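First the structure, in the form of structure tokens, and then the observations on it.
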Amino acid sequence: MNRIEPFQEIPFGTTDLAAGLRLIKRHQTLEIILTRAQDHNRITGEVLDTLMQLCQTLRDDDTTSVVMITAEGSEFFSTGLLNPALRAQLSKQQVLDLVWKANRTFDAIEALPQMVIAALNGKAVAGGVELALACDVRYVSSESSVRMPEAGWGGFPGAGAPVRLPELVGKAYAMELICSAREMPAEEMLRIGLAQRILSHDNFQQEAQNILESIGEAGPLAIKGAKKVISTRLEPGFNAARMLSDALRQALEWSEDVDEAIAAGKEQRKPIFKGR
Numbered sequence: 000m001n002r003i004e005p006f007q008e009i010p011f012g013t014t015d016l017a018a019g020l021r022l023i024k025r026h027q028t029l030e031i032i033l034t035r036a037q038d039h040n041r042i043t044g045e046v047l048d049t050l051m052q053l054c055q056t057l058r059d060d061d062t063t064s065v066v067m068i069t070a071e072g073s074e075f076f077s078t079g080l081l082n083p084a085l086r087a088q089l090s091k092q093q094v095l096d097l098v099w100k101a102n103r104t105f106d107a108i109e110a111l112p113q114m115v116i117a118a119l120n121g122k123a124v125a126g127g128v129e130l131a132l133a134c135d136v137r138y139v140s141s142e143s144s145v146r147m148p149e150a151g152w153g154g155f156p157g158a159g160a161p162v163r164l165p166e167l168v169g170k171a172y173a174m175e176l177i178c179s180a181r182e183m184p185a186e187e188m189l190r191i192g193l194a195q196r197i198l199s200h201d202n203f204q205q206e207a208q209n210i211l212e213s214i215g216e217a218g219p220l221a222i223k224g225a226k227k228v229i230s231t232r233l234e235p236g237f238n239a240a241r242m243l244s245d246a247l248r249q250a251l252e253w254s255e256d257v258d259e260a261i262a263a264g265k266e267q268r269k270p271i272f273k274g275r
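Everything in the sequence shown is counted per numbering that gives the first Met the number 0, starting at 0 for the first residue and increasing by one.
Here's what the structure looks like:
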């Protein structure tokens, strides 16, 4: 894996990055916007590298206490890393490398000293859900939904959902969401605690920015201190779950079921899984 260098600094104002990200830095707040609406804000390897660079810079950034991750457009927050068509174009090792990179990036987002908000302007699918789960809170549009379709592809979400979701919604909801691969609407997300607030779809970005600015007015030491204490209380068990998820996901990539899912996608039919 290539070593990712941090940015020297994050400038105030608006900065467009080649990876398909836009930064808006204001007093004590940073907005990170996915700007790949043409491909439903897919999370590419380049996007992950840039997010990791930002995380390395933010670790020691005293000018930022709240970060918000959102996306352009009104239909999709993000469709994640992969889909059956993309998987079919990659080798198994390339898939595993991308999942590994996503895990390390999402772990880095979760570990930031700043409060991190996911503002879901639309649908979150697969790795897009896992990016949102790595954030501290989730505000969603009234038209938002989440869906993790990986079970229908013969696998399970490999970039953190089985690790983080039970802590947020409990074991039963986590199992049901992951194994059914169903779409969950905004109202249900709010009811089970996956989302903290539903915002107007038509005025979503402005309402989300208002919340960001309001939280950014709180004391930076208060925000970072509270997050550190809460994270320390919840930390036991995370590393063991992460290691198990990594090991199982790697083994899964070489299974017959994954090969069957790829073949079924190419042939436009339902996969027939054999559990091996």
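Backbone N, C-alpha and C define an ideal beta-carbon position, used for all residues, glycine too.
Since the model is a prediction, treat every value here as computed from it, not as a measurement.
Other residues of its chain near Ala194: CB distance less than 6 Å, five sequence neighbours each side excluded:
Taking Ala194 as the centre and dropping the five residues before and after it, the same chain places the C-beta of Arg137, Val139 and Met188 closer than 6 Å to its C-beta, in chain order.
How is the beta strand (DSSP E) around Asp15 delimited, first residue to last?
From DSSP, the beta strand (DSSP E) with Asp15 extends over Gly12 to Leu16.
Residue range of the alpha helix (DSSP H) that includes Leu167:
Counting along the chain, the alpha helix (DSSP H) containing Leu167 begins and ends at Ala160 to Val168.
Would His39 be called buried (16 or more neighbouring beta carbons within 10 Å of its own) or exposed?
Under the 10 Å beta carbon count, His39 is surrounded by 16 or more other beta carbons and is classified as buried.
Compute the distance between the beta-carbons of Glu142 and His200, then report whether it is under 7 Å.
Cβ atoms of Glu142 and His200: closer than 7 Å.
Exposed or buried, what is Val98 when buried is set at 16 or more other beta-carbons lying within 10 Å of its beta-carbon?
Under this definition Val98 is a buried residue.
Going by DSSP, what residues sit across from Val139 in a beta bridge?
Bridge partners of Val139: Leu119 and Ile197.
Could you name the residues of the same chain whose beta carbon sits closer than 6 Å to that of Asn1, not counting the 5 residues immediately before and after it, in chain order?
Unreliable placement is indicated for Asn1, whose pLDDT of 47 sits below 50; the coordinate value is still reported in the next sentence. Here the set comprises nothing.
Would you check if the region 63-81 and the region 119-136 touch, i.e. whether three or more CB-CB distances between them fall below 8 Å?
Contact between the region 119-136 and the region 63-81 is present: three or more C-beta pairs spanning the two stretches fall below 8 Å.
Suppose only complete runs of 4+ residues qualify. What are the alpha helix (DSSP H) ranges in the region 51-95, listed by chain order?
Whole alpha helix (DSSP H) segments, 4+ residues: 83-87.
Helix, strand or coil for Pro148 per DSSP?
Pro148 falls in the helix class under three-state DSSP.
Is the CB-CB distance between Leu20 and Thr49 below 7 Å?
At the C-beta level, Leu20 and Thr49 come within 7 Å of one another.
Assigned exposure category for Leu233 - 16 Cβ within 10 Å defines buried
Exposed, because fewer than 16 other Cβ atoms sit within 10 Å of the Cβ of Leu233.
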